[in-house]
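> Numbering (this note's numbering), first residue to last: 20 to 271.
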Ligand code: NAP
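1. Give the secondary structure of residue 64 by DSSP, where H, G and I count as helix, E and B as strand, and everything else as coil.
2. Using only CA atoms, which one of 88, 249, 166 and 64 lies nearest to residue 212?
3. Measuring alpha carbon to alpha carbon, tell me which of 195, 45, 171 and 67 ends up nearest residue 54.
4. Between residue 9 and the ligand NAP, is there a pair consisting of the residue's CB and a ligand heavy atom that are separated by less than 8 Å?
5. Where do the N-terminal and C-terminal ends of the alpha helix (DSSP H) with residue 82 fall, by residue?
6. Figure out for me which residue from 236, 163, 208 and 257 has the closest Cα to the Cα of residue 100.
7. Looking at the structure shown, is residue 52 part of a helix, part of a strand, or coil, going by DSSP?
8. At 3 residues or longer, what runs of the beta strand (DSSP E) sit wholly inside the segment 153–228?
9. Going along the chain, which residues of its own chain have a beta-carbon closer than 7 Å to the beta-carbon of residue 270, five neighbours each way excluded?
10. Cα-Cα, which of 266, 47, 200 and 113 is closest to residue 251?
11. Measure the beta-carbon distance from residue 82 to residue 22 and round it to whole angstroms, keeping in mind my assumption that it falls under 8 Å.
12. Find out if the Cβ-Cβ distance for the pair residue 189, residue 246 is shorter than 9 Å.
13. Note the first and the last residue of the continuous alpha helix (DSSP H) segment covering residue 70.
14. The ligand NAP heavy atoms versus the CB of residue 101: any closer than 8 Å?
15. Closer than 8 Å by C-beta to residue 152: which residues in its own chain qualify, once you throw out the five before and the five after it? Chain order, please.
16. Closer than 8 Å to a non-hydrogen atom of the ligand NAP - does that hold for the CB of residue 32?
17. So the candidates are 47, 239 and 257; which of them puts its Cα closest to the Cα of residue 266?
18. In chain order, what residues of the same chain have a beta carbon less than 7 Å from the beta carbon of residue 9, not counting five sequence neighbours either side?
19. Based on the DSSP secondary-structure assignment, which residues constitute the bridge partners of residue 113?
20. Compare the Cα-Cα distances from residue 280 to each of 109, 38, 157 and 258 and report the closest residue.
21. Between the segment 107–121 and the segment 214–221, are three or more C-beta pairs nearer than 8 Å?
22. Buried or exposed for residue 65, please, with buried defined as at least 16 other CB atoms from any protein chain shown within 10 angstroms of its CB.
23. If I follow the unbroken alpha helix (DSSP H) through residue 139, where does it start and stop?
24. Let me know if residue 131 comes out buried or exposed under the rule of 16 or more other beta-carbons within 10 Å of its beta-carbon.
25. For residue 33, which option in 191, 242 and 219 has the closest C-alpha, if you only look at C-alpha atoms?
26. For residue 224, count neighbouring Cβ atoms within 10 angstroms of its own Cβ and tell me buried if that reaches 16, exposed if not.
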């Protein structure tokens with residue numbers, strides 16, 4: 020029987036890549052996509068069959084979507100919106116949409132997904148988070164006074180304590196650049212920020228994060244791991260990189 024995985028944040032920039040990759044190659048999973056906007060899903064995907072529309076702030080919506088799923092991929096996030104651009108040496112100002120603050124989306128919304136997963140008997144949850152969470156004074160926490168990394172970490176800890184197998188991928192700054200062209204580096208506890216490696220920025224293409232998420236579905240070495248993920252810069256001759264995913268997960 021084909022296993023089923025629910026991807027939330029399916030209309031997001033990384034979530035949509037995960038869905039498209041799972042739809043176009045056979046990884047042994049049927050993908051169910053969860054999104055809040057039908058019109059956005061129709062713009063991004065030619066076919067919205069196997070989409071379920073709802074809000075992660077509703078435990079009921081997520082519970083309905085998770086019926087029959089063995090795995091859950093969480094790719095939802097609060098998104099800060101710039102309300103005042105930088106000017107005359109003043110930094111830009113940000114806020115969050117109504118019901119879109121990190122406390123709601125990244126804490127309560129992710130908690131709902133984990134609770135619904137537990138209720139539905141989901142065996143494995145893969146969550147994409149962010150590097151920087153070891154520093155409570157990280158500048159991202161000041162955006163819109165949202166404390167985004169603090170709420171994300173709280174949800175990660177809730178997942179770790181849930182008893183469900185987990186893979187938490189704390190990505191560096193996300194790039195809209197081609198995937199499969201870079202070596203990936205895994206680390207712990209923000210080591211790439213506190214001890215930067217010469218010439219390697221703390222960033223990674225969204226497509227490479229999507230690939231890691233998908234590989235985590237099937238690798239036994241991805242289970243019960245929480246790690247940071249960045250990429251080396253693209254090679255000058257632009258060649259594709261072959262990755263031994265199990266070995267990479269073993270390092271995490
Ligand atoms: P994104 O494009 O901002 O997507 C976020 C998704 O969450 C969107 O699809 C959004 O729906 C959905 N969402 C928000 N509130 C929701 C709600 N109440 N109910 C249902 N869905 C909801 O994501 P991304 O930039 O690809 O980032 C993916 C992950 O990586 C996030 O966890 C992010 O924090 C993390 N990360 C980002 C960076 C970075 O540089 N941006 C760095 C490190 C880690 P709509 O499509 O309807 O808006």
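All residues carry an ideal CB built from backbone N, CA and C; glycine is no exception.
Taking the geometry as given:
1. Taking the chain shown and counting its residues from 1, the one referred to as residue 64 is at position 45. Reduced to three states, the DSSP call for residue 64 is coil.
2. One-based indexing of the chain shown puts residue 212 at position 193. Looking at 88, 249, 166 and 64, the one whose alpha-carbon comes closest to that of residue 212 is 249.
3. Sequence index remark: in the chain shown, residue 54 carries index 35 (1-based). Of the residues 195, 45, 171 and 67, the one whose Cα lies closest to the Cα of residue 54 is 67.
4. In this structure the chain extends from 20 to 271, so residue 9 is not present and cannot be described.
5. Counting from one through the chain shown, the residue named residue 82 turns up at place 63. Taken as a continuous stretch (DSSP letters only), the alpha helix (DSSP H) holding residue 82 covers 78–84.
6. Stepping through the chain shown from its first residue, residue 100 is reached at position 81. The candidate whose alpha carbon is nearest that of residue 100 is 163.
7. Taking the first residue of the chain shown as position 1, residue 52 is located at position 33. Strand at residue 52.
8. DSSP assignment within the segment 153–228 yields the following whole beta strand (DSSP E) runs of 3 residues or more, N-terminal first: 184–190, 192–194, 203–206 and 222–224.
9. Here residue 270 corresponds to residue number 251 of the chain shown, with the count starting at 1. Taking residue 270 as the centre and dropping the five residues before and after it, the same chain places the C-beta of 205 closer than 7 Å to its C-beta, in chain order.
10. Residue 251 sits at position 232 when you count from the first residue of the chain shown. Ranking the options by Cα distance to residue 251, first place goes to 200.
11. As a position in the chain shown, residue 82 is number 63, starting the count at 1. As a position in the chain shown, residue 22 is number 3, starting the count at 1. Not confirmed; about 19 Å, so no contact.
12. As a working note, residue 189 is residue 170 in the chain shown. As a working note, residue 246 is residue 227 in the chain shown. By the CB criterion at 9 Å, residue 189 and residue 246 fall inside the cutoff.
13. Counted from its first residue, the chain shown places residue 70 at position 51. Where residue 70 is concerned, there is no enclosing alpha helix (DSSP H), although the beta strand (DSSP E) it sits in stretches over 70–72.
14. Here residue 101 refers to the residue found at position 82 when the chain shown is read from its first residue. Residue 101 Cβ: outside cutoff for every heavy atom of the ligand NAP.
15. If you number the chain shown from 1, residue 152 lands on position 133. Around residue 152, the same chain offers 168, 169, 171, 172, 175, 189 and 209 as residues with beta carbons nearer than 8 Å, after the five sequence neighbours per side are excluded.
16. Indexing the chain shown from 1 puts residue 32 at position 13. For residue 32, the shortest C-beta to heavy atom distance toward the ligand NAP is below 8 Å.
17. As a working mapping, residue 266 is identified with position 247 in the chain shown. It is 239 whose Cα lies nearest to the Cα of residue 266.
18. Not covered by the structure: residue 9. The range shown for the chain is 20 to 271.
19. Position 94 of the chain shown holds residue 113. Paired residues: 101.
20. The structure shown has nothing for residue 280, since the chain only spans 20 to 271.
21. Because the criterion of three Cβ pairs below 8 Å is not met, the segment 107–121 and the segment 214–221 do not touch.
22. Within the chain shown, the letter at position 46 stands for residue 65. By the 10 Å Cβ count, residue 65 comes out exposed.
23. Here residue 139 is taken as the residue at index 120 of the chain shown, counted from 1. Note, residue 139: alpha helix (DSSP H), 129–139.
24. Here residue 131 corresponds to residue number 112 of the chain shown, with the count starting at 1. Counting of Cβ neighbours within 10 angstroms places residue 131 among the buried residues, the total reaching 16 or more.
25. The residue you call residue 33 lines up with position 14 of the chain shown. Nearest C-alpha to residue 33: 191.
26. Here residue 224 refers to the residue found at position 205 of the chain shown. With 16 or more neighbouring CB atoms inside 10 Å of its own CB, residue 224 falls in the buried class.
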